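Protein chains: 2
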Amino acid sequence: MTNPEEAKQQQDVHEGSPKVVEARGPAGGDVGNQREESVGVAGILRRWKREDLLRRGSLGLRGLAFLFSLLSFIIMASNKHGDWKDFDRYEEYRYVLAIAILTTLYSGGQCLLKVHELSTGKYLFQRSTSVLFDFSGDQMAAYLLISAASAGVPMTNRMRESQDNIFTDSLASSISMSFFAFFALALSAVVSGYKLSSQSYI
Amino acid sequence: MTNPEEAKQQQDVHEGSPKVVEARGPAGGDVGNQREESVGVAGILRRWKREDLLRRGSLGLRGLAFLFSLLSFIIMASNKHGDWKDFDRYEEYRYVLAIAILTTLYSGGQCLLKVHELSTGKYLFQRSTSVLFDFSGDQMAAYLLISAASAGVPMTNRMRESQDNIFTDSLASSISMSFFAFFALALSAVVSGYKLSSQSYI
């Protein structure tokens with residue numbers, strides 16, 4: 010027969026109460042240690058699983074961003090139909106093209122790098138440098154993309170009010186692709202922001 | 010005179026080696042606990058200091074965002090000089106005005122709420138709700154602001170190529186204020202994103 014104090018402690022352990030760790034004395038020390046260890050291992054396993062999911066998720070998001078900005082770039086660059094129907098007569102469309110090229114290069118490079126890291130297990134940069142670069146890159150690319158896409162919208166609206174032809178349709182689709190790429194990179198920036206903040210708590 | 014095993018453990022403690030916590034046996038248990046506790050207290054104090062700094066920092070950034078978006082709103086709303094020189098004949102300037110009003114309300118409300126919380130110590134919302142709302146609010150307001158400011162730029166450039174008057178100057182200054190408000194809110198979004206990610210590791 011155990012005494013009531015010990016029985017209560019045992020009960021606390023089964024309920025997983027956080028009081029156990031604080032209240033462990035010389036008598037209940039071993040039970041507390043055991044409990045702490047098992048929580049630690051489960052926590053680490055959960056953490057690994059979450060990190061793996063985040064890694065694959067951000068790879069997928071950057072892949073989408075690459076696809077959409079490549080489409081935006083190709084549609085805009087091929088949109089020359091002579092006279093006023095040349096995209097390069099308007100500064101907003103040159104801006105859309107420039108940002109689409111930049112983000113295509115950025116997200117393509119990031120995808121290649123991450124696929125290389127996942128397949129070989131070798132890391133080109135230190136982890137702390139890499140997460141900082143990821144976060145600032147994603148966030149800046151997202152801001153640039155929404156800025157370019159928004160700059161292109163008003164002129165396109167004004168043109169489509171008077172006429173609807175292959176030039177204005179291509180403009181609209183290129184701008185939409187920029188918006189989609191923005192959504193993918195904005196989500197990816199949230200994921201890499203989370204990685205950046207949680208890395209110092211390992 | 011202590012035995013060599015104990016002397017080694019003491020040395021480990023002074024060097025702050027993480028081995029101590031893992032390797033503590035029934036003999037070195039007390040030393041290990043003491044060490045763990047002092048690290049914990051220093052860590053908590055550092056954390057409090059950092060959180061206080063972040064709280065004041067994000068309050069200051071939101072104050073700046075409020076100031077700049079209020080200026081942008083006032084300058085744009087008073088920019089009517091008859092005929093083609095009315096801001097509300099152009100969709101991009103109506104967009105700039107609408108977003109300036111929204112972000113003025115948002116950042117003003119956030120400032121009031123945070124000042125109220127800092128002065129009374131009472132929190133209107135649960136901490137987890139509040140940080141999630143802060144982060145998504147800041148981030149969305151930043152995206153809206155850069156989108157509105159970018160949308161306004163091309164038409165203003167085109168007008169200023171032909172003439173430079175009080176209408177185009179006011180447009181340019183209102184758009185610049187929107188950009189400044191964007192920078193403040195983008196920084197504030199990084200701070201609240203950090204708070205959001207670090208809250209579960211208390």
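Protein chains in written order, with our numbering: chain D, 10 to 211; chain B, 10 to 211. All C-beta atoms in this analysis are idealised placements derived from N, C-alpha and C, irrespective of residue type, glycine included. Just so it is clear, the structure is predicted and the values come from calculations on it, not from any experiment.
For this session: In angstroms with no decimal places, state the Cα-to-Cα distance between S78/B and G69/B.
Result: So the two alpha carbons sit approximately 14 Å from each other.
Query raised in the report: Would you say S159/D faces chain B, with C-beta separation under 7 Å as the test?
Result: Answer yes: the Cβ-Cβ gap between S159/D and chain B drops below 7 Å somewhere.
Notebook entry, point to check: Secondary structure at K89/B, three-state DSSP: helix, strand or coil?
Noted result: When DSSP states are grouped into helix, strand and coil, K89/B belongs to the strand group.
- prompt: In its own chain, which residues sit with a C-beta less than 8 Å from the C-beta of L141/D, not counting the 5 before and 5 after it?
  reply: The residues are L205.
Which chain B residues sit within Cβ distance under 9 Å of Y3/D? The requested residue 3/D is not part of the displayed model; chain D covers only 10 to 211.
Next on the checklist: Can you tell me whether D173/D is helix, strand or coil according to DSSP?
Outcome noted: Under the three-state reduction of DSSP output, D173/D falls in the coil class, being neither helix nor strand.
### Query
Hey, is G146/D's beta-carbon within less than 7 Å of any beta-carbon in chain B?
No, G146/D lies away from the interface with chain B (no Cβ there is under 7 Å from its Cβ).
So that I know if they touch, is there some Cβ in chain B lying closer than 7 Å to that of S207/D? For S207/D, the answer is yes, since a Cβ of chain B falls inside 7 Å of its Cβ.
- For E100/D, return the contacting residues in chain B, with the cut-off set at a CB-CB distance below 7 Å. Within 7 Å Cβ-Cβ: P163, N166.
Next item on the list: Could you check the C-alpha separation between K123/B and G49/D for me, to the nearest Å?
Entry: Pairing K123/B with G49/D, the inter-Cα distance amounts to about 36 Å.
Next item on the list: Decide if A36/B is buried, meaning its Cβ has at least 16 other Cβ atoms within 10 Å, or exposed.
Entry: With a pLDDT of 43 at A36/B, under the threshold of 50, the predicted position of this residue should be treated as unreliable, and no value is reported.
- Neighbourhood of T113/D by C-beta, 6 Å cutoff - its chain only, sequence neighbours within 5 removed: The answer, listed in chain order, is S78, L79, F82.
Exercise for the section: Could you pull out every unbroken alpha helix (DSSP H) segment of at least 4 residues lying fully inside the segment 67 to 142 of chain D, listed in chain order? Expected result: DSSP runs (the alpha helix (DSSP H)) wholly in the segment 67 to 142 of chain D: 100 to 129.
Inset, instruction - Step through the CB atoms of chain B and report whether any lies within less than 7 Å of the CB of G202/D. - result: Under the Cβ distance rule, G202/D counts among the residues neighbouring chain B, one pair being separated by less than 7 Å.
Report task. Taking only the alpha-carbon atoms, compute the straight-line gap between L154/B and A51/D and give it to the nearest angstrom. Result -> Rounded to the nearest angstrom, the two C-alpha atoms are 43 Å apart.
Q) What residues in its chain sit with their C-beta under 8 Å from that of R169/D, if we drop five residues either side in the sequence? A) Same-chain partners within the cutoff: T177, A181.
Decide if V199/B is buried, meaning its Cβ has at least 16 other Cβ atoms within 10 Å, or exposed. Its Cβ being crowded by 16 or more others within 10 Å, V199/B is buried.
Q. Any heavy atom of the ligand FMN within a distance shorter than 6 Å of the CB on S206/D?
A. Questions concerning the ligand FMN fall outside what the structure shown contains, since it holds no ligand whatsoever.
- request: Note down the Cα distance separating R71/D from C120/D, rounded to an integer number of angstroms.
  value: So the two alpha carbons sit approximately 6 Å from each other.
Inset, instruction - Sort E101/D, A150/D, F188/D, G91/D by Cα distance to T165/B and report the nearest one. - result: For T165/B, the closest alpha carbon among the candidates E101/D, A150/D, F188/D, G91/D is that of E101/D.
Cutting at 7 Å between CB atoms, please list the residues of its own chain near A195/B, excluding the five before and the five after it.
Counting only Cβ-Cβ distances below 7 Å, and skipping sequence neighbours, we find A151.
Taking all protein chains shown into account, do 16 or more other C-beta atoms lie within 10 angstroms of the C-beta of Y203/B, making it buried, or fewer, making it exposed?
By the 10 Å Cβ count, Y203/B comes out buried.
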